[in-house]
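Note that the numbering used here has the sequence shown beginning at 838, numbered continuously upward.
For every residue, glycine included, the Cβ atom is placed at its ideal position computed from N, Cα and C.
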Amino acid sequence: MSTEVNQKIYVAGHRGMVGSAIVRNLQAKGLGNIVTRTHAELDLTNQAAVQAFFEAEKPDQVYLAAARVGGIHANNTYPAEFIYDNLMVQNNVIHQAFLSGVKKLLFLGSSCIYPKLAAQPMSEDALLTGKLESTNEPYAIAKIAGIKMCKSYNRQYGQSHGVDYRSVMPTNLYGPGDNYHPENSHVIPALIRRFHEAKVSNAPEVVIWGTGTPRREFLYVDDMATASVFVMNLDRVTYDQHTSPMESHLNVGYGSDIAIAELASAVSESVGYQGKISFDVSKPDGAPRKWMDSSRLNNLGWKPEVDLRNGLVQAYSEFLLGYREL
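Laid out in structure tokens, this is it:
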């Protein structure tokens, strides 16, 4: 691993699902000089506060995993917060990282950056080739801006300042640290909570939003953390050979997708719920399919390790440990 043990690494969003997994991964590799701040300690939307933080800490590397995230309901309900908060966090962290001399930064985006009707699986060059899914367009626009910001700093300051800011686009993630809010969570944690509560209350039926036909790809969050650290520490020549100045991001996916109806059955089985599953077709489906082409990253040597069935069992076990606090 190319990272020096004594380098100072700032993980923005360390309490989130991805950020906490990155911290676990770095610590497992013996990299203990990790800097973190809670939202109460550092508001990343506050430019002056972020500037003061970077001037004081002067990290060597930055993992930008901080973001306002949520499912279809949250994106539909809070579009202003989703675009404003994410743009401000990205702008402040990336720019202040540059001003403080940070050479290596990894920005975490989202598969929603790709057009709603993009050819499947979605490759990196599908970016900006069509209209986005309307339900999460504000969030997607912010993430696209983050990619372009990293790319722009590389183009302008790569040679003169040694800037090397990279972007990874994860597919749908789940696992330890997930958000199980009854309204603002993503599909897997929402289903885990719903099926668990139905099992506890002996409810005869669980109703799922939409038709159940859309297909989604899911990746266990610790696999995402492994990919993030892997990409951050690729030598620059190798990274540049698999990207381009105008297309500098890499997809991170599991490699296959599943219909929401099949997913619901798999979650139900993992939880141990034995009632009926039905679908409310009056609710939105979102994009018909979202499946990432991760061949570039696979060709670099990274592969996921946790399959969906085992991942769901682990996710449910983690959910049970924290359920009383929800």
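Excluding the 5 residues flanking Val-899 on each side, which residues of the same chain have their C-beta closer than 6 angstroms to its C-beta?
Within the same chain, Val-899 has close Cβ partners Tyr-847, Ala-934, Val-939, Leu-942.
Can you check whether the C-beta of Leu-942 is within less than 8 angstroms of a C-beta belonging to chain D?
Considering every chain present, this structure includes no chain D. It has just one protein chain.
Which term fits Met-838, buried or exposed, when burial requires 16 or more other beta carbons within 10 angstroms of its beta carbon?
The predicted model places Met-838 with a pLDDT of 46, which falls under 50 and marks its position as unreliable, so this point remains unresolved.
Reducing DSSP to helix, strand and coil, say where Asn-991 ends up.
Residue state, collapsed to three classes: helix.
What three-state label does DSSP hand Ala-1152 in the structure shown?
In the three-state reduction of the DSSP assignment, Ala-1152 falls in the helix class, which pools H, G and I.
In whole angstroms, what is the alpha-carbon distance linking Arg-861 and Val-872?
When rounded, the distance between both Cα atoms is 13 angstroms.
Beta-carbon within less than 8 angstroms of Ala-903's beta-carbon, same chain only, minus the 5 sequence neighbours each way: which residues are those?
The answer, listed in chain order, is Ala-849, Gly-850, Gly-853, Gly-856, Leu-881, Val-926, Val-930.
Of the choices Pro-916, Asp-1094, Gln-1078, Ser-1119, whose alpha-carbon is the least far from that of Arg-1146?
Checking every option, the nearest Cα to that of Arg-1146 belongs to Asp-1094.
Cut-off 7 angstroms between Cβ atoms - residues of its own chain near Gln-888, not counting five sequence neighbours on either side:
Leaving aside the five residues that flank Gln-888 on each side, the residues in its chain whose CB is nearer than 7 angstroms to its CB run, in chain order, Gln-933.
Assuming Thr-1048 and Asp-1122 make a contact with CB atoms under 8 angstroms, what is their CB distance in whole Å?
Sure, about 6 angstroms apart at Cβ, within 8 angstroms.
Taking C-alpha atoms, which residue in Asp-1072, Ala-1152, Asn-1136, Asp-1060 lies nearest to Ala-858?
Just measuring C-alpha positions, the residue of Asp-1072, Ala-1152, Asn-1136, Asp-1060 sitting nearest Ala-858 is Asp-1060.
Assign Asn-1009 to one of two classes, buried (16 or more other C-beta atoms within 10 Å of its C-beta) or exposed (fewer than that).
Under this definition Asn-1009 is a buried residue.
Suppose contacts are defined by Cβ-Cβ distances below 8 angstroms. Is Ser-1107 in contact with Tyr-1153 by that definition?
The Cβ atoms of Ser-1107 and Tyr-1153 lie closer than 8 angstroms to each other.
Taking the beta strand (DSSP E) that Glu-1042 belongs to, which residues open and close that run?
Per DSSP, Glu-1042 belongs to the beta strand (DSSP E) from 1042-1046.
Going by Cα to Cα distance, which pick from Ser-971, Cys-949, Thr-972 is closest to Ala-963?
Out of Ser-971, Cys-949, Thr-972, Cys-949 has the C-alpha closest to the C-alpha of Ala-963.
For Pro-1026 and Arg-1133, the rounded distance between their alpha carbons
Rounded to the nearest angstrom, the two C-alpha atoms are 29 angstroms apart.
Which residues DSSP lists as bridging Val-906, in chain order
Beta-bridge pairing links Val-906 to no other residue.
Counted within 10 angstroms of its Cβ, other Cβ atoms place His-876 as buried (16 or more) or exposed:
The Cβ neighbour count for His-876, taken over all protein chains shown within 10 Å, is under 16; the residue is labelled exposed.
Which same chain residues end up closer than 8 angstroms to Asn-912 when comparing Cβ atoms and leaving out the 5 residues on each side of it in sequence?
So the qualifying residues of the chain are Phe-919, Thr-972, Asn-973, Pro-975, Tyr-976.
So what does DSSP say about Asn-912, is it helix, strand or coil?
The answer is helix: DSSP assigns Asn-912 an H, G or I state.
Hey, would you say Phe-1055 sits closer than 8 angstroms to Tyr-1011, going by beta carbons?
At a Cβ-Cβ threshold of 8 angstroms, Phe-1055 and Tyr-1011 count as neighbours.
Leaving out five residues on either side along the sequence, give the residues of the same chain with a beta carbon under 7 angstroms from the beta carbon of Ala-1064.
Answer for Ala-1064: Val-1005, Val-1089, Leu-1134, Trp-1139, listed in chain order.
If you measure between the beta carbons of Thr-1050 and Ala-1103, is that distance less than 8 angstroms?
Not a contact, by the Cβ cut-off of 8 angstroms.
List the whole-angstrom C-beta distance separating Phe-944 from Leu-879, where the pair is believed to meet the contact cut-off of C-beta under 8 angstroms.
Taking 8 angstroms as the upper bound for CB-CB distance, Phe-944 and Leu-879 are not in contact here, some 18 angstroms apart.
Counting along the chain, where does the beta strand (DSSP E) carrying Gln-898 start and finish?
Residues 898-901.
Excluding the five sequence neighbours on either side, which residues of its own chain have a C-beta within less than 6 angstroms of the C-beta of Lys-980, listed in chain order?
Excluding residues within five positions, the ones whose Cβ falls inside 6 angstroms are Gly-946, Ser-947, Ile-950.
At which residues does the alpha helix (DSSP H) containing Pro-1026 begin and terminate?
Pro-1026: member of the alpha helix (DSSP H) spanning 1024-1038, first to last residue.
Do His-1023 and Gly-908 count as a contact pair if the criterion is CB distance below 8 angstroms?
Yes, the Cβ-Cβ distance between Gly-908 and His-1023 is below 8 angstroms.
Own chain residues within Cβ distance below 7 angstroms of Arg-992, not counting five before or after
Excluding sequence neighbours, Arg-992 sits near Pro-1082.
Continuous beta strand (DSSP E) stretch holding Ile-1114: start and end
Residues 1113-1117.
Mind checking Lys-895: buried by the 16 CB within 10 Å criterion, or exposed?
Answer is exposed; the Cβ neighbour count stays below 16.
Quick one: what's got a C-beta closer than 7 angstroms to Pro-1125's C-beta in the same chain, skipping five residues either side?
The answer, listed in chain order, is Pro-1051.
Between which two residues does the alpha helix (DSSP H) containing Ser-948 stretch?
For Ser-948, there is no enclosing alpha helix (DSSP H), since its DSSP letter is neither H nor E.
State the CB to CB distance for the pair Glu-1142 and Pro-1013, rounded to an integer number of angstroms; the pair is presumed to be in contact (CB under 8 angstroms).
Not really, about 15 angstroms apart at Cβ, beyond 8 angstroms.
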